[in-house]
Each structure stands twice: as structure tokens, then as C-alpha cells.
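J.: Quick note, in the numbering used here, the sequence shown goes up one by one and the last residue is 143. Virtual Cβ for every residue (Gly too), placed ideally from N, Cα, C.
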Amino acid sequence: MPSFLFVCTGNICRSPTAEAVFRDRIITAGLDVHYDSAGTQGYHVGEAPDGRSIEIAQGRNIDMAGLLSRKLEQKDFGRFDYLIAMDKSHEQEMYRVSPLAEHRQKVKLLLDYHVDYRGMDVPDPYYGDMRGFEHTYDLIEQGVDALIKEFF
């Protein structure tokens, strides 16, 4: 089974949401898949996801309990088959962390798995309002569902 690392900036909004949605889907499907999330920056290492992300997820019956922020490490490229970026800046930062060609092949944009959103970024809701968090959640959910359809 392929393994997945979901990556955003601080690992408190987008990537933990993607991890939580992914976890829900694979548990429901009875799959045994290795997954995690990380941030390209270490601003929030050891912190739980943003309360607004948790609130939106809870409203959709998605559990974010137990998730703690961590920073992307070069060894993640050996641990995971796919490193799923929330936006193009994360792709670029991952290329900087590990410029090896075989590692670059592992980096994908989440929304590239969805036919209607290819090439688009999942917007960072951090400085916005709850509507922004809802929109971000919707895009992540659609991207994760498309990713799962692609692989499983």
C-alpha cells in the first residue's frame, strides 16, 4: 500500500485537516495505510491543530484528536511514497529540503488529483474567517476523496 505525508506551512490548518479526513476515509474503508502530516516551517511544533480547523472538522464528524504539529524532515522522503502539498510554495520548499530527482517525483499537489481543480492551491485560511476555513475544508475533502479514488 502506498504511504502519504500531507504538507502545509505550519501543520496546524490544512495538512492536519487532510490527515484527519484521510484517516476517516481509510478507516471506514478498512484499509491499512501509513500516513502523517507535517509543516514546511517549525512555527507550531508540538501544537494541536488550529481551533477553527477542529471546529469545522467536528461539524462534519471528523476527529482531529491526537494530531500534533511537526516539521518536515529530509528523512520523510524515505518514509513516504507520496508527499502531498497543499500549495505550490510547499512543493518548492520540499524540493529545497530534498533536491534529489527521485524525491521530487514523490511531491504532488493535493488538488491535482481532482479533475476540476488541477493546478490549484488549497488556500491558507489562517488569517481569515470561518468561511475561509469552510472553503478550505471543502477543497481538502474533495482532494482527499479524489486521491483515495486514484489509489484505492
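So T8 and I139 are in contact, right, with Cβ under 8 Å, and what is the actual spacing, rounded?
T.: With 8 Å as the limit, T8 and I139 do not qualify as a contact, their Cβ atoms being about 15 Å apart.
J.: Quick check on the burial criterion: 16 or more other C-beta atoms within 10 angstroms. Buried or exposed for K97?
T.: buried
J.: From the DSSP output, in three-state form, read off Y86 for me.
T.: helix
J.: Given a threshold of 16 other Cβ atoms within 10 Å of its Cβ, counted over all protein chains shown, does G21 qualify as buried or as exposed?
T.: exposed
J.: Could you check what DSSP says for V106 in three-state terms: helix, strand or coil?
T.: coil
J.: In whole angstroms, what is the alpha-carbon distance linking L100 and G50?
T.: 26 Å
J.: Identify every run of the alpha helix (DSSP H) within the segment -7 to 45, keeping only runs that are complete inside it and at least 4 residues long; order them along the chain.
T.: 5 to 20
J.: Within a Cβ cutoff of 8 Å, which residues of the same chain sit near P(-7), ignoring the five residues on either side of it in sequence?
T.: V24, D72, Y73 and F142
J.: In chain order, what residues of the same chain lie with their CB nearer than 6 Å to the CB of I17, ignoring the 5 residues before and after it?
T.: V24
J.: Could you have a look at A92 and say whether DSSP puts it in helix, strand or coil?
T.: helix
J.: Indicate whether R5 and D107 have their beta-carbon atoms separated by less than 8 Å.
T.: no
J.: Using 8 Å for Cβ pairs, my map puts S60 next to G37. What's the rounded Cβ distance?
T.: 6 Å
J.: Under the rule that 16 or more other beta-carbon atoms within 10 Å means buried, what is E64, buried or exposed?
T.: So E64 counts as exposed.
J.: So V135 is in the alpha helix (DSSP H); what residue range does that whole segment cover?
T.: M121 to F142
J.: What are the partner residues of A76, as DSSP defines its beta bridges?
T.: V(-2) and L100
J.: For F(-3) versus I75, is the C-beta distance shorter than 8 Å?
T.: yes
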